[in-house]
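Chains as they are written, first to last, in the numbering used here: chain A, 1 to 626; chain B, 627 to 1252.
Please read the structure below before turning to the comments.
There are 2 protein chains.
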Amino acid sequence: MKHQYLNNTPPERARELFFSAADACGFRYADELLPVPRTPGRVLSQAVYAAISSPHYNASAMDGIAVRASDTFGASERSPVILPPERYAPVDTGDPLPEGADAVIMIEDVVNDEQGNVTLRAAVSPWTNVRQVGEDLCMGDMIAPTDTRVSPALIGAFLAGGVTEIRVKTKPLFGIIPTGDEIVPPTATPAKGEIIEFNSAVFSAMLEQWDARAKVYEIVRDKKDLLTAALDRALAECDAVLVLAGSSAGRDDYTSEIIAARGEALVHGIGVKPGKPAVLGVAGGKPVVGLPGYPVSAIVIMEEFVRGLIDLYYRRPAAPLQTVEAAAGRRIVSSLKYKEFVRVSLGAVGGVLTAIPLAGGAGVITSLTKADGILEIPQNAEGAEPGDLCRIRLLRDMSEIEQSLIVTGSHDPILDELADLACRQGCGFRIKSTHVGSMGAVTAVRGGQAHMGAIHLLDETTGEYNKSYVEKYFPDGGAVLRKGVKRVQGFIVPKGNPLGVREIADLTRCRFVNRQRGAGTRLLLDCRMRQCGVLPEQIDGYANEKFTHTAVAAAVAAGNADAGLGIYSAAKMYGLDFIPLCDEEYDFLVGAAYADHPYVEAFFRLLRSGEFIARLKEMGGYGVAD
Amino acid sequence: MKHQYLNNTPPERARELFFSAADACGFRYADELLPVPRTPGRVLSQAVYAAISSPHYNASAMDGIAVRASDTFGASERSPVILPPERYAPVDTGDPLPEGADAVIMIEDVVNDEQGNVTLRAAVSPWTNVRQVGEDLCMGDMIAPTDTRVSPALIGAFLAGGVTEIRVKTKPLFGIIPTGDEIVPPTATPAKGEIIEFNSAVFSAMLEQWDARAKVYEIVRDKKDLLTAALDRALAECDAVLVLAGSSAGRDDYTSEIIAARGEALVHGIGVKPGKPAVLGVAGGKPVVGLPGYPVSAIVIMEEFVRGLIDLYYRRPAAPLQTVEAAAGRRIVSSLKYKEFVRVSLGAVGGVLTAIPLAGGAGVITSLTKADGILEIPQNAEGAEPGDLCRIRLLRDMSEIEQSLIVTGSHDPILDELADLACRQGCGFRIKSTHVGSMGAVTAVRGGQAHMGAIHLLDETTGEYNKSYVEKYFPDGGAVLRKGVKRVQGFIVPKGNPLGVREIADLTRCRFVNRQRGAGTRLLLDCRMRQCGVLPEQIDGYANEKFTHTAVAAAVAAGNADAGLGIYSAAKMYGLDFIPLCDEEYDFLVGAAYADHPYVEAFFRLLRSGEFIARLKEMGGYGVAD
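Structure, rendered in structure tokens:
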């Protein structure tokens, strides 16, 4: 087996090496001449000066009559001046003043007799109601300096100044080469072992946001000669090249090698996490980046190195990052070896902003789509303890984060449905749910990290749901319980229930898939196991934990397990069989401070709406609480 | 003469009337199905759910060997387990696990002998180093709710979830009809009386920023039948129509009439300034806006009414405005009749943010390109006194405003040249100059509203420049004087100097164009007039004030004046004759607190740079101070 080793180059050093090499090989904008209306958002490569004055003639600023101001001198109420028709001329706004005229009298102040004589009862000074030549712009004035980004108003100023074409900085063209034997173009029906190639679409969109252009090439198989040919072609056609995947040190990882064959792989392996197995180099006199195959790793490398490369191309400072300070909601552990990029969810509750790290490795792109921000932990730093204030780079507008109802706790797809309904009905806020289980909901509401929590907690002694837990954990009334939905829990098993699962004891004959500790469904299982005298070690897969009902159903559907415990709607979604175990009450624990919060009120209005109840019926397995 | 009257509808009432009429006629998005890679920045019209799980099979998360975890149970340093070749399979990252395998051992931990037997010294638990089905997304999971704006990462999540096409909200198409007898398409050589039509390009760019599309029609002359035909065509082809100009109450203002003929002109005349003469209506079941011809007025109406109309179309809340608090740097007077939109320049000096209103009427688009923000003064409010804290809507990023060197005072084109040079050399800050004359510079530096000021102040008694003024106005050393450039002042007269202007006394025979009060050039004139015994009332045009040297030259070039006083470079730019009067010293007054400020130091480095000195030579009439 082939062995390569990755370095662990500190990111600052990697940037320095890469950018100075890119600079040395002339990675820099050229300029292009474009018609002004095609330049919004572009960046000037040189200053723009007015070619003509604006206005370029003396123009009337009003509808009225143009006069010589000196003809009006001395006019007053007592001794009006009468102008015969040949001493004035009617003008509309924008009309040039006739020869000799130097003032305009507004139409509202003009009284004329049948012969056309105009009576003036006040004098006007020269240039009254006249837009003199150059009022807006004088020929030769600089309209905007180099590096200005063209705004709509600037478009107007250029055209007003008689400038119809301007020089702007070219956009760098990045060639994107997706590679891999297992990679296929986007499809809804991939075969086993086929990986959908979506990174090129993601990076094209990122490049577009950063004022660059992308050209995506066909997928190339993991053969060194094919990869080299693809690289050569992209180097010939583009300003820089991104090679997707093959950047690590495995059997089929050739990116570093093919770059080295055409130039130099300056860095192979960077001390960032995720993102370590990246290659930065120069080939054929152009910058080349080997991006890791895992999307989150690759996005980190794009943000940390490709974005800066584009700034270098434009010779512009990096755009300032939008950041915010938030308290760590949990312990966040970081390796000393890497600069770490932790995706966090931000919750603004009661004026306090809390950052919760999101689960999911470098392959979990939804950890990025769900993230509100990124916590960067430098190399040689250890992370954060709960409550520590951390600076978070924002991925969303702060207003969107602030206008959110935080519902944490037990998972149910209805939370997503409610979130969607809130958007469709234009409620003006987002419903944001995180799945930390029912006990997690209790903790979050107690800690003020959520407005409300979703719970389904069975009291073994009373057989009642939720009520006794609220009394126990909020003895002083820190939270109120509001009814949610009824739902059926049961065994999720393959179609036809081949192992004949009927009761808890049957699980000892199965490969099981479980829910995470603290989940209400896990507590339900544990309670029933105790009642039947079944021990965890008797169940194969008891330690295989999933965070959602759909994840349990997906595991059963994939054959990774023979049975799981979950709700009916998840089984139905996957066409699986469902053996009901019990009805339960899925309710909401609302922090007392937020009991009358407008978002909370809107939430319960949505929950009782006809539209939502119709959706519940469609999903199946739900009942509406009284 | 035709008379119409404009109303003064309060803007809130105008919005209410217009938006409810647009709503009633069904102005609302439809949806369109697009391939995912074409959707960045678009807005979902419905929730998107994963069509498949991701990964959709159990995939190796490492390069290594796939095993059954149960085969490894009991392995330890002391009693290793030996796996024969048929009990494991080599896998690369992303490969599917072979039938029966449920764990992967990293390649780094694998030791195999010549027969291919692998020795394991530790057990692995099931699903170690495996990306189980659904790790990222489970089939049926909601990936994003309605109204989400598609980000690059979401593109990845959609494609990973097997979703290749999504439904997004259509963009509204606005027809733009430029009108007017005097209007011509953009040109560098308009004839007298021709007005360059740039508004359609400005509004197209604004619409694009607000997620709408624009279709610009040919210019239509001010004939009612032609205008009606153009409106009918645009109504047939677009979702909404903007008619440019003709919205007031003059002889040729038909917009209100043609809208009324096809529907209803709901509002004609709005209590906003600038922007009053606007029309809001509905015609042919579609919203129609008659925009004023003056660009700043029209932009206000776009911002206040068209932007909100687009939000209505999308059924989305208005985007939050970026605002900041700043102290009024001068008195700002507002009419009680109108909601007023005052364009302001913002200067961040010594941690204090000051807003200075910019000069220029509704026709001066450069008042917008130079503005950093807009101060909105409600109807029935009176404006602000100096020092009052005002909330300013930002037109630029705050970071750009903060990273600026504020140089206020006397005008010279070299300030623009230095600003451009600072950009070209990537200094990382902007040089922002405002033209308030030399005495304005003294006031601004004293008041802490500028880092530095540009002055050329002649002491009549000593004949020296600047020094005595600094001593007088900064007796305690609040500012330091730094040398700038030498320049020649003189009479700017038409080519051939037809009136034979040689000395101050000759100005009594001319139509003169003057500089504003407080300008160093004005002070120079006044000083010389006193020496010669010439009185202001002896000079025709003494009261005709311009703010820059180029504006003086432009006035002479246009024939609005026979002579002005100014610098050589301005005369040269306009091909005018120049009669030198004196050399002067154009220096910089630096607030003592900023004497060592890095921006100030960079400014003087630029001033002494070879590139700048070469530019001075090109412009002509300058010398470098010692």
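Think of the CB as a built atom: it goes at the ideal place given N, C-alpha and C, for glycine as much as any other residue.
It should be emphasised that the depicted structure is a prediction, and the values quoted were computed from it without experimental measurement.
#1: With DSSP as the reference, identify every bridge partner of Gln-1115(B), one or two as the case may be.
#2: By a C-beta neighbour count over all protein chains shown, 10 Å radius and 16 as the cutoff for buried, is Gly-623(A) buried or exposed?
#3: Assuming Lys-1243(B) is part of the alpha helix (DSSP H), what are its boundary residues?
#4: Do the segment 143-163 of chain A and the segment 689-698 of chain B touch if we need at least three Cβ pairs shorter than 8 Å?
#5: Please give the ranges of any alpha helix (DSSP H) in the segment 67-136 of chain A, keeping only runs that are unbroken, at least 4 residues long and fully inside the region.
#6: Quick check: what's the CA-CA separation for Asp-879(B) versus Ala-123(A)?
#7: Under a three-way DSSP split, which group does Asp-540(A) fall into?
#8: So for Gly-347(A), helix, strand or coil by DSSP?
#9: Hey, how far is the Cα of Arg-641(B) from the Cα of Arg-482(A)?
#10: Take the Cβ of Leu-938(B) as the centre, count every other Cβ of all protein chains shown within 10 Å, and call the residue buried at 16 or more, exposed below.
#11: Mind pulling the chain A residues with CB within less than 7 Å of His-682(B)?
#12: Is the segment 647-665 of chain B touching the segment 899-913 of chain B in the sense that three or more CB pairs, one from each, lie closer than 8 Å?
#13: Please report how far the alpha carbon of Cys-764(B) lies from the alpha carbon of Ile-356(A), in whole angstroms.
#14: Residues of chain A with CB under 7 Å from Trp-753(B), in chain order?
#15: Could you spell out where the alpha helix (DSSP H) holding Ile-925(B) opens and where it closes?
#16: Would you say Ser-60(A) faces chain B, with C-beta separation under 8 Å as the test?
#17: In angstroms, rounded to a whole number, what distance separates the CA positions of Val-485(A) and Ala-676(B)?
#18: Rounded to a whole number of angstroms, what is the C-alpha to C-alpha distance between Ile-539(A) and Arg-511(A)?
#19: Can you list, in chain order, the residues of its chain whose CB lies under 7 Å from that of Ala-1218(B), leaving out five sequence neighbours each side?
#20: Give me the Cα-Cα distance between Ser-367(A) and Leu-266(A), rounded to the nearest whole angstrom.
#21: Give the DSSP bridge partners of Ile-640(A), in chain order.
#22: Take Leu-861(B) as the anchor and find which of Ala-952(B), Ser-830(B), Arg-639(B), Val-915(B) has the nearest alpha-carbon.
#23: How is the alpha helix (DSSP H) around Val-1096(B) delimited, first residue to last?
#24: Going along chain A in order, which residues have a C-beta closer than 7 Å to the C-beta of Ala-1177(B)?
#25: When DSSP builds the beta bridges, which residues end up paired with Met-768(B)?
#26: Less than 8 Å between the CB atoms is what I'm expecting for Met-1245(B) and Ser-1195(B), so what's the real figure, rounded?
#27: Once DSSP output is grouped into helix, strand and coil, what is the label at Lys-169(A)?
#28: What is the DSSP secondary structure of Pro-811(B), reduced to helix, strand or coil?
#29: Considering Cα atoms alone, identify which of Ala-1169(B), Thr-1147(B), Leu-1150(B) is closest to Val-1139(B).
#30: Are there 16 or more other CB atoms within 10 angstroms of the CB of Leu-33(A), so buried, or fewer, so exposed?
#31: When you check each C-beta in the segment 901-927 of chain B against every C-beta of chain A, which residues fall closer than 8 Å?
#32: Closer than 8 Å, Cβ to Cβ, to anything on chain B: give me those residues from the segment 203-217 of chain A, in chain order.
#33: Taking the C-alpha atoms as reference points, what is the distance between Ala-201(A) and Asp-222(A)?
#34: How many angstroms separate the CA atom of Arg-793(B) from the CA atom of Asp-865(B)?
#35: State yes or no: is the C-beta of Thr-1147(B) within less than 8 Å of the C-beta of Leu-1191(B)?
#36: Can you check which of these residues, Asp-388(A), Lys-215(A), Arg-262(A), is closest to Leu-375(A) by C-alpha distance?
The short version:
#1: Ile-1193(B), Cys-1208(B)
#2: exposed
#3: 1236-1245
#4: no
#5: 69-72
#6: 28 Å
#7: strand
#8: strand
#9: 40 Å
#10: buried
#11: Pro-190
#12: The segment 899-913 of chain B, when compared against the segment 647-665 of chain B, does touch it at the 8 Å Cβ threshold.
#13: 22 Å
#14: Asn-544
#15: 921-927
#16: no
#17: 25 Å
#18: Looking at the backbone, the Cα of Ile-539(A) and that of Arg-511(A) are separated by about 7 Å.
#19: Gly-1103, Gly-1104, Ala-1105, Val-1106
#20: Spanning the two alpha carbons is a distance of roughly 30 Å.
#21: Since the first residue shown for chain A is 1 and the last is 626, residue 640(A) is missing from the structure and cannot be characterised.
#22: Nearest of Ala-952(B), Ser-830(B), Arg-639(B), Val-915(B) to Leu-861(B), Cα basis: Val-915(B).
#23: 1093-1099
#24: Within 7 Å Cβ-Cβ: Gly-134, Cys-138.
#25: Tyr-675(B)
#26: 4 Å
#27: Note: Lys-169(A) maps to strand in three-state DSSP.
#28: coil
#29: Considering only alpha carbons, the answer is Ala-1169(B).
#30: exposed
#31: Gly-919, Pro-921, Ile-925
#32: From the segment 203-217 of chain A, only Phe-203, Ser-204, Ala-205, Met-206, Glu-208, Gln-209 have a Cβ closer than 8 Å to chain B.
#33: 20 Å
#34: 19 Å
#35: yes
#36: Asp-388(A)
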